[in-house]
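First up is the structure itself, then whatever we jot down about it.
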Amino acid sequence: MGFDELVGKAQETRFDGWDFGVFGDRLSETDPSWSYRDLVVGAAASATRILDMGTGGGEFLASVLPVAARVYATEGYAPNVPVARRRLEPLGVEVSETYTDDNEELPYEDGRFDLVVNRHESFDADELRRVTAPGGRFLTQQVGGSYMADLNDLLGAAQPPYAGWDRDAAVASLEAGGFEIVESGEEFGECVFADIGAVVMYLRLVPWQVEGFSVDVYREALKGLHERMERDDGMTLRNHFFFVNAVRPR
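So the sequence shown is numbered by my numbering: it starts at 6 and just counts up by one.
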């Protein structure tokens with residue numbers, strides 16, 4: 006399939022929440038050695054009220070339900086809110102839309118949750134401490150700032166504003182917000198794109214990777230990348246994940 010056809014189909018692809026299953030085997034990556042899902046399931050077993058920050062379309066949260074606790078979720082990307090509600094409300098989860106970029110305002114009273122989980126979502130440590138009960142836990146997996154940074158370089162695009170985001174930065178933020186760190190981990194792996202259409206789909210689905218991305222603006226760079234991928238049978242980039250398990254002291 007040629008460049009124009011691959012890119013044309015990618016521009017027409019419809020997405021439902023953050024379901025990366027639309028890529029099939031055209032995008033794959035190495036997973037970190039820890040299982041974030043197992044960490045959440047273990048922590049949820051003793052929780053009474055759980056908040057899932059940035060639930061997306063509710064895909065991950067649905068995979069750990071049911072649990073005995075009362076569960077709430079937030080989502081700040083407006084197109085995902087109805088998707089999350091359709092998926093999660095039948096499972097007993099109350100989904101609230103948030104409106105601040107870094108979750109500086111959460112629609113809950115002080116100390117409401119004994120477990121807050123956060124998969125790939127921004128957070129404000131002071132606001133997080135406010136809604137977490139004394140003795141409560143914050144468990145997050147984050148996409149590190151160097152995730153696919155080499156794609157930006159290949160396209161001649163600026164690095165995203167979170168380029169310096171890593172485990173040390175997250176730990177420092179949480180400690181400054183009054184949390185104690187129980188454990189953390191950070192790893193780098195690989196992402197593999199099969200064709201240029203998958204690259205365009207990814208940049209549509211994750212628009213903050215390349216600010217202002219459009220096929221028209223980056224057409225020549227995309228053509229060059231397509232030729233390289235045809236020659237090399239795909240493209241391998243670097244991924245970057247970290248997790249932090251923290252508690253609010255009693």
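Where a beta carbon is used, it is the ideal one built from N, C-alpha and C, also for glycine.
Here the alpha carbon of E132 sits roughly 23 Å from the alpha carbon of A89. Around the Cβ of L66, a 10 Å sphere holds 16 or more other Cβ atoms; the residue is buried. Rounded to whole angstroms, R117 and T79 show a C-alpha spacing of 14 Å. Restricting attention to alpha helix (DSSP H) runs no shorter than 4 residues, the stretch 133 to 221 encloses them at 154 to 160, 172 to 181 and 201 to 210, ordered along the chain. Y77: member of the beta strand (DSSP E) spanning R75 to E80, first to last residue. For E225, DSSP records no beta bridge to any residue. Boundaries of the beta strand (DSSP E) around S33: L32 to E34. Under the three-state reduction of DSSP, A50 is assigned to coil, being neither helix nor strand.
Secondary structure note for E126: it is in no beta strand (DSSP E), with a DSSP letter that is neither H nor E. Following the DSSP letters along the chain, one finds R243 inside the beta strand (DSSP E) bounded by residues M240 to V252.
Residue pairing from DSSP places F118 in a beta bridge opposite T137. With a cutoff of 8 Å on beta-carbon distance, A175 and Q214 are scored as not near each other. Taking C-beta separations shorter than 6 Å and ignoring five residues to either side along the sequence, the partners of G59 in its chain run E126, following chain order. Excluding the 5 residues flanking it on each side, A138 has same chain C-beta neighbours closer than 6 Å at G116 and D119, in chain order. Among the bridge pairs identified by DSSP, M58 is matched with N123.
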